[in-house]
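For the sequence shown, the positions run 1 to 383 when full-length UniProt numbering is used.
Here is the structure we will look at.
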Amino acid sequence: MAQPSSLDKPDPTVAPLFDTVTLGTLELKNRLVMAPMTRAFSPDGVPGANVARYYRRRAEGGVGLIISEGTWINHPAASNDPNVPVFHGEAALAGWREVCRQVHAAGAKMVPQLWHVGAAAKSDVAEIYKDGMVERTERLGPSGLVKSGVTGGRAITATEIEQVIDAYAAAARQAMEIGFDGVEIHGAHGYLIDQFFWNETNARTDLYGGDVAARTRFAVEVVHRIKASTAPDFPVILRFSQWKMQDYTARAWPTPEDLAKFLKPLVEAGVDIFHCSQRRYWEPEFPGSDLNLAGWTRKLSGRPAITVGSVTLDSEMISTLMNGQTAKPRSLADLVERVTREEFDLVAIGRALVVNPDWPKVVAGGDAAHLNPFSVSALADLN
């Protein structure tokens, strides 16, 4: 493989991906983000030396920002896999402190993703994810639904809602104290916060249910509590999606008007950056425009947006995980064009970074033709 050029002087055909970016207090050396990916290599929820090494390698490879795999907040119904790291307790937080230290030493910024699965059960997710999962006796969601007509768990009470909000805030405060550069709230893919967003899983008749704006109330209160528990300029990212693990074709916001109603209260609450998850980032979100979900979100909210979803590979995630399909590197020309016209601000890369820890350096050096393809076997180890 040819020796990659300096990240400071990238190949002109991809140079826009390597612009420095300042988003509030978050100063990034380029637009490339390591997407959060569940890896489940943290026995008893404690990230060890192997986890620190894994993230450090991607920082050394040149990404500007790393978003950790989802981490469980401190609530008894938050988790469904004992090998996914937690973000509470002395041992786990010590592990995360070392991860953060090593990533910073390698020149990248990092935020943890804070996660509660809500009513989602082992049977509601793709087969590939199930190996380490446990069936839970306590499953909580807005209305005891995992999708329309399918019950699961029970409706969370007002008291429990307060407990969960406090747990998010405590995790964010701990992240700031450890030295992380912000936090990401996992509000996507059919998990707890997304269950409040989605009308098929939120049938509540109290303040947390109703129209599009009302269904954001739980997330709004999480953001408010995080902002009150951290420094005023501590960045908060919210990840959201139309698609759900329970329904890949879900459309929680079928029109731009619905999306605007969803975004407005979240912006007012203090979300700094939106992370917009699609299965195929190049697909237009609404008829009559080429803008993808991140593009529409940036336009309607006035906030920076991260795009994600098969950004650098020719096959989307579910196909590769469920069907064993190999995903090959795709042309970056469309991505570069969209960045150049400021459709979105940051680009999150997932599977390609699993098999190419130095993806940014290789691409900057004009050697993208030698990138490794992704297959599900790459997930067997943490390298």
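All C-beta atoms in this analysis are idealised placements derived from N, C-alpha and C, irrespective of residue type, glycine included.
query	result
Under 8 Å between C-beta atoms of V63 and V33	yes
Residue(s) in a DSSP beta bridge with T307	C276, V347
Identity of the residue in R39, L23, K9 nearest R351 by Cα	R39
G48 versus G95 - alpha carbon distance	6 Å
Closer than 8 Å to chain B by CB, V354	Among the protein chains of the structure shown there is no chain B, as only one such chain exists.
For P329, the three-state DSSP class (helix, strand or coil)	strand
Unbroken stretches of the alpha helix (DSSP H), 4 residues or longer, contained in the region 24–71	49–60
4-residue-minimum alpha helix (DSSP H) runs that sit fully inside the region 151–175, ordered along the chain	none
Any alpha helix (DSSP H) of 4 or more consecutive residues that is wholly inside the region 66–120	90–105
E257 - containing alpha helix (DSSP H), residue span	256–269
Member of L266, L291, D367 whose CA lies at the smallest distance from the CA of G187	L266
Classification of R303 by the beta-carbon crowding that lies within 10 angstroms, buried from 16 upward	buried
Buried or exposed (CB count within 10 angstroms, at least 16 for buried), K147	buried
Bridge-paired residues (DSSP) for F374	A327
Cβ-Cβ separation, I237 to E177 (assumed contact under 8 Å), whole Å	About 18 Å; that fails the 8 Å criterion.
Simplified DSSP state of F240, which is helix, strand or coil	strand
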